[in-house]
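Enquirer: In the working numbering, the protein residues as written are 569 to 951.
After the structure tokens below, expect a handful of questions from me.
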Ligand SMILES: NC(=O)c1ccc[n+]([C@@H]2O[C@H](COP(=O)([O-])OP(=O)(O)OC[C@H]3O[C@@H](n4cnc5c(N)ncnc54)[C@H](O)[C@@H]3O)[C@@H](O)[C@H]2O)c1
Ligand SMILES: [Zn+2]
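Okay, here's the thing in structure tokens:
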């Protein structure tokens, strides 16, 4: 084992603990963590063979530094580089990935390192959860979405023809290393889409954090190191608390789906492509959740407008009419897609609505006709 001092956190880094009944793990957030990742892993998880799973885009920018340090420490088993994009979250990609990891000689105590965005994290995490009935893995998220959201909490999944994330498992990582410097190579649009998940956490549970985001979003989007690290740390700590209280999403964790029932339906309608990124769909979904809550007399018009103004200032879409392209979804098609939601029980949809900024709640009491009328109004307003 290396000495503790050799694996001390680099300057400016923060540490958040995730405590669960089955064990705890750390989320490390800060600049320049990738060059230190091998040492951090060795010091915290002990000597183990490490196999990296990543995609072409991330490999070109960030793989060599991680590989080199693992090699130097004698931990490197190999790398698997996949095609970027949602299509890699599939049975077709999972089978060869598992076989490749076995061929690299990974055993029960060894480690899969998921180096990439939410796609790589979900796929590699799922592979780790079924390989030899479950081996350890480390999330090394390289998108803002993955750093504030998907790398923490242990949900892993692949997609099928029936829908997104329908095959998966709960399998917590052993460590999360979020290097904020690695976000510098992200296209700005993908960065901003990831920001939505941080704002989502603020809007569902932490009004003070939303005030802070409003004041600091320009600095965050300019990737000011301190502001970015603080934004990620607050969102991660918030999610860690929710996951610790409700790991299997039987109650409070459902609130993390704010904007997602509408968002997933819009994403599915748009065809999971560049026309509408996940975070953009969620931005619209959050605005819809606020406007529906407003129509129901739960939240003020001022709050709804404030949320939409915040997203609009970041050039994010806030209404169905903001989606690029000439076509608009039919109300019945959107309702049909919303019924595919995983939160549906006994045919009733669970919606996450709000009583104010930072005050989300789950409800199954919204009649379908009410939702139909609301969506019809939104679509009538769309250009
Ligand atoms: N498990 C969870 O709790 C959870 C939560 C939210 C979202 N998700 C999943 O996350 C996925 C979306 O994740 P995402 O938005 O990170 O998408 P992604 O993984 O597809 O990454 C977006 C794009 O950015 C590229 N990229 C990644 N890091 C880069 C970097 N540092 N520099 C340059 N390019 C880089 C990727 O190659 C890809 O082309 C979805 O599949 C969604 O279902 C999971
Ligand atoms: Zn999301």
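No residue lacks a Cβ here, since even glycine has one placed at the ideal position from N, Cα and C.
Fair warning: this is a prediction, and the values are worked out from it, not measured in the lab.
Indicate whether residue 725 and residue 586 have their beta-carbon atoms separated by less than 9 Å.
Expert: Taking the chain shown and counting its residues from 1, the one referred to as residue 725 is at position 157. Taking the chain shown and counting its residues from 1, the one referred to as residue 586 is at position 18. Going by C-beta atoms, residue 725 is not nearer than 9 Å to residue 586.
Enquirer: For the stretch 709–721 against the stretch 667–675, are there 3 or more C-beta pairs whose distance is under 8 Å?
Expert: They do not touch, by the three-pair rule.
Enquirer: How is the beta strand (DSSP E) around residue 733 delimited, first residue to last?
Expert: For the purposes of this step, residue 733 is taken as the residue at position 165 of the chain shown. First-last of the beta strand (DSSP E) with residue 733: 731–738.
Enquirer: Identify which residue in 903, 887 and 744 has its Cα closest to the Cα of residue 948.
Expert: Taking the chain shown and counting its residues from 1, one reaches residue 948 at position 380. Residue 887 is the option with its Cα nearest to residue 948.
Enquirer: Below 8 Å on the Cβ atoms is my contact criterion, and I expect residue 611 with residue 648 to pass it. Report the Cβ-Cβ distance as a whole number of Å.
Expert: Here residue 611 refers to the residue found at position 43 when the chain shown is read from its first residue. Here residue 648 refers to the residue found at position 80 when the chain shown is read from its first residue. That pair is no contact at about 25 Å.
Enquirer: Taking 8 Å as the threshold, find out whether the stretch 643–657 comes into contact with the stretch 716–723 through three or more Cβ pairs.
Expert: No, the stretch 643–657 does not touch the stretch 716–723.
Enquirer: Please determine if the stretch 578–585 and the stretch 627–641 are in contact, where contact requires at least 3 C-beta pairs separated by less than 8 Å.
Expert: These segments do not touch.
Enquirer: On a CA-only basis, which of 588, 938 and 600 is nearest residue 722? Give me that one, please.
Expert: Stepping through the chain shown from its first residue, residue 722 is reached at position 154. Taking only the C-alpha atoms, the option nearest residue 722 is 588.
Enquirer: If you draw a straight line from the alpha carbon of residue 842 to that of residue 757, how long is it in whole angstroms?
Expert: Along the chain shown, one-based indexing puts residue 842 at 274. Along the chain shown, one-based indexing puts residue 757 at 189. Going from the Cα of residue 842 to the Cα of residue 757 covers about 10 Å.
Enquirer: May I ask whether a heavy atom of ligand 1 can be found less than 8 Å away from the beta carbon of residue 750?
Expert: Working through the chain shown from its first residue, we reach residue 750 at position 182. Residue 750: yes, Cβ under 8 Å from ligand 1.
Enquirer: Does the beta-carbon distance from residue 694 to residue 823 come in below 9 Å?
Expert: In the chain shown, the residue the question calls residue 694 occupies position 126. In the chain shown, the residue the question calls residue 823 occupies position 255. Contact: no.
Enquirer: Count the CB pairs spanning the stretch 694–703 and the stretch 736–746 that are closer than 8 Å, and state whether there are at least three.
Expert: Cβ pair count under 8 Å is three or more, so yes.
Enquirer: Taking the beta strand (DSSP E) that residue 720 falls in, what are its first and last residues?
Expert: Walking along the chain shown from the start, residue 720 turns up at place 152. Looking at the DSSP string, residue 720 is not in any beta strand (DSSP E), and its letter there is neither H nor E.
Enquirer: Taking residue 858 as the reference, give the member of 942, 897 and 932 with the closest Cα.
Expert: Position 290 of the chain shown, counting from 1, holds the residue named residue 858. Among 942, 897 and 932, the Cα nearest to that of residue 858 belongs to 942.
Enquirer: Considering only DSSP beta bridges, list what residue 582 is partnered with.
Expert: Taking the first residue of the chain shown as 1, we reach residue 582 at position 14. Bridge partners of residue 582: 597.
Enquirer: Output the distance between the C-alpha atoms of residue 804 and residue 893, rounded to the nearest integer angstrom.
Expert: Within the chain shown, residue 804 is the residue found at index 236, counting from 1. Within the chain shown, residue 893 is the residue found at index 325, counting from 1. Each residue's Cα considered, the two are about 34 Å apart.
Enquirer: When the Cα of residue 616 is compared with those of 681, 629 and 633, which residue comes out closest?
Expert: One-based indexing of the chain shown puts residue 616 at position 48. Residue 616 has its Cα closest to that of 681, out of 681, 629 and 633.
Enquirer: Give every residue of the same chain whose Cβ lies closer than 6 Å to the Cβ of residue 575, excluding the five residues on either side of it in the sequence, and list them in chain order.
Expert: Locating residue 575 in the chain shown gives position 7, where the first residue counts as 1. Once the five neighbours on either side are set aside, the close Cβ partners of residue 575 are 607, 608 and 611.
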